[in-house]
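Chains as they are written, first to last, in this note's numbering: chain A, 538 to 643; chain B, 538 to 643; chain C, 538 to 643; chain D, 538 to 643.
Glycine included, C-beta positions come from ideal geometry on N, C-alpha and C.
Worksheet for the structure shown next.
Number of protein chains: 4
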Amino acid sequence: MTEQTIKRIREFVSDRDWAQYHSPANLAKSISIEANELLECFQWSDNDYNLQHVKEELADVLVYCRDMLDILGLDEDEIVNMKMDMNEKKYPVEKAKDNSKKYTEL
Amino acid sequence: MTEQTIKRIREFVSDRDWAQYHSPANLAKSISIEANELLECFQWSDNDYNLQHVKEELADVLVYCRDMLDILGLDEDEIVNMKMDMNEKKYPVEKAKDNSKKYTEL
Amino acid sequence: MTEQTIKRIREFVSDRDWAQYHSPANLAKSISIEANELLECFQWSDNDYNLQHVKEELADVLVYCRDMLDILGLDEDEIVNMKMDMNEKKYPVEKAKDNSKKYTEL
Amino acid sequence: MTEQTIKRIREFVSDRDWAQYHSPANLAKSISIEANELLECFQWSDNDYNLQHVKEELADVLVYCRDMLDILGLDEDEIVNMKMDMNEKKYPVEKAKDNSKKYTEL
Numbered sequence: 538m539t540e541q542t543i544k545r546i547r548e549f550v551s552d553r554d555w556a557q558y559h560s561p562a563n564l565a566k567s568i569s570i571e572a573n574e575l576l577e578c579f580q581w582s583d584n585d586y587n588l589q590h591v592k593e594e595l596a597d598v599l600v601y602c603r604d605m606l607d608i609l610g611l612d613e614d615e616i617v618n619m620k621m622d623m624n625e626k627k628y629p630v631e632k633a634k635d636n637s638k639k640y641t642e643l
Numbered sequence: 538m539t540e541q542t543i544k545r546i547r548e549f550v551s552d553r554d555w556a557q558y559h560s561p562a563n564l565a566k567s568i569s570i571e572a573n574e575l576l577e578c579f580q581w582s583d584n585d586y587n588l589q590h591v592k593e594e595l596a597d598v599l600v601y602c603r604d605m606l607d608i609l610g611l612d613e614d615e616i617v618n619m620k621m622d623m624n625e626k627k628y629p630v631e632k633a634k635d636n637s638k639k640y641t642e643l
Numbered sequence: 538m539t540e541q542t543i544k545r546i547r548e549f550v551s552d553r554d555w556a557q558y559h560s561p562a563n564l565a566k567s568i569s570i571e572a573n574e575l576l577e578c579f580q581w582s583d584n585d586y587n588l589q590h591v592k593e594e595l596a597d598v599l600v601y602c603r604d605m606l607d608i609l610g611l612d613e614d615e616i617v618n619m620k621m622d623m624n625e626k627k628y629p630v631e632k633a634k635d636n637s638k639k640y641t642e643l
Numbered sequence: 538m539t540e541q542t543i544k545r546i547r548e549f550v551s552d553r554d555w556a557q558y559h560s561p562a563n564l565a566k567s568i569s570i571e572a573n574e575l576l577e578c579f580q581w582s583d584n585d586y587n588l589q590h591v592k593e594e595l596a597d598v599l600v601y602c603r604d605m606l607d608i609l610g611l612d613e614d615e616i617v618n619m620k621m622d623m624n625e626k627k628y629p630v631e632k633a634k635d636n637s638k639k640y641t642e643l
């Protein structure tokens, strides 16, 4: 996400004084709620989905994730790279290749 | 997210040949599943959460969102700005300020 | 669910003094969290699931639903029949037959 | 749930020929989607919720759980009691009393 888009999201929140509602817990609920509106695009079919709806709901998830990074003062690249370090250890290529099993079952 | 982090996520997937599992529907499920692991950090308390767990689960949501952008060939800034256009119309400042009501009830 | 099973769930909660954590909001989070552990059984495949895991996670959803009925003093049959009245109006047989569209698109 | 209510749910499905959409995976998605509509009742506040909405969304979760029990040929009391056996072992009263920690941290 560019700095300009991030700035737009922050101004959207501050213009409406919505930081008061953005506790980490409320944002966690919001991310789950939007993730399920995204999931609803695929409720009865994996392939026959409305791409415009998918874009809108995925964007909603991303916006609330941005809000959560902001409220907690987190750096997106830092936490993603920290988690990728863990994922690379949990799913070594030789075991995980062509395999969708969870690491606990690999 | 920097290009370098995006590249790392893409290589993680391609090294394991996991694109075969990354249908949009499966990724929508995955985003919801990880969003709920994030929500679990706040299951019984809004304030007494483990920040390290929050970082890990939020990162997981972001990684699957990145995978979904990739599989659908979407540009993150484009879809977020498209949705922000909609949000700004649905939630005009004069109505939405200091108000957490849904746009359908404003 | 038989009265005996309901009684067992209630005693499980009261023996542990867990009613203090069972606010409606916390139980709503819990239902979503367990619903997503159920969804995880189908994360990468619709057909290749572990039936024992499915049973356990579906049971968890049902137990938290029971807890929510209890905390709010609701009667399961009453609310389900109230909702079925609504569903039967939203999805008239002649329009909804062989059709998975949402009522807003029927 | 009484036999009469269960019968009503089954006829609702069969009258519309909807069993064709009721794969276990689709129902797992549906339970999660409805659980998140329930969660939305508590998105910005734990206490200021609309009870009528809560009843409707909780009913939706229960109806899809019933559909899933039916499609898999499961007995509700059997799977709940099987899970309660597990829960009672994972959360012994002396450790779990007045404590909301997950069993892995008890």
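- For residue 573 of chain B, the enclosing alpha helix (DSSP H) covers residues 561-577.
- Within the same chain, and ignoring the five residues on either side of residue 548 of chain A in sequence, no residue has its Cβ closer than 8 angstroms to its Cβ.
- For the set B/541, B/570, B/604, the Cα lying nearest the Cα of residue 561 of chain B is the one of B/604.
- Pairing residue 592 of chain D with residue 616 of chain C gives a Cβ-Cβ distance under 8 angstroms.
- A check of alpha carbon separations from residue 575 of chain C across C/559, C/596, C/555 identifies C/596 as the nearest.
- A residue is called buried when at least 16 other Cβ atoms come within 10 angstroms of its Cβ; residue 587 of chain C does not meet this threshold and is exposed.
- DSSP, read as helix, strand or coil, puts residue 551 of chain B in helix.
- Listed along the chain, the chain C residues whose CB falls inside 9 angstroms of the CB of residue 570 of chain B are 573, 574, 576, 577, 580.
- For residue 643 of chain A, same chain residues with a beta-carbon under 6 angstroms away, outside a window of 5 residues either side, are 632 in chain order.
- Within chain B, no C-beta atom comes nearer than 9 angstroms to that of residue 560 of chain D; the closest sits roughly 12 angstroms away.
- In the pairwise beta carbon analysis, the region 561-570 of chain B is classified as touching the region 565-585 of chain A: at least three pairs are separated by under 8 angstroms.
- Annotated three-state conformation of residue 623 of chain C is helix, per DSSP.
- Chain A has no Cβ within less than 8 angstroms of the Cβ of residue 637 of chain D.
- Interface annotation, residue 640 of chain C: not in contact with chain D, CB-CB separation never under 8 angstroms.
- Taking 8 angstroms as the upper bound for CB-CB distance, residue 614 of chain B and residue 539 of chain A are in contact here, some 5 angstroms apart.
- For residue 605 of chain D, the enclosing alpha helix (DSSP H) stretches over residues 588-609.
- Restricting attention to B/612, B/630, B/582, B/608, the CA atom closest to the CA of residue 566 of chain A is found in B/582.
- Scanning chain B for C-beta atoms nearer than 8 angstroms to the C-beta of residue 618 of chain A yields 542, 545, reported in chain order.
- Here the alpha carbon of residue 579 of chain B sits roughly 16 angstroms from the alpha carbon of residue 601 of chain A.
- In the DSSP assignment, residue 632 of chain B falls within the unbroken alpha helix (DSSP H) covering 630-633.
- Cβ atoms of residue 607 of chain B and residue 630 of chain A stay farther apart than 8 angstroms, at about 19 angstroms.
- Counting other Cβ atoms within 10 Å of its Cβ, residue 563 of chain A reaches 16 or more and is therefore classed as buried.
- By the criterion of a C-beta distance shorter than 7 angstroms, residue 544 of chain C is surrounded by no residue of its chain, once the five residues flanking it on both sides are discounted.
- Neighbours of residue 566 of chain A in chain C, taken as residues whose beta carbon is under 8 angstroms from its own, are 566 in chain order.
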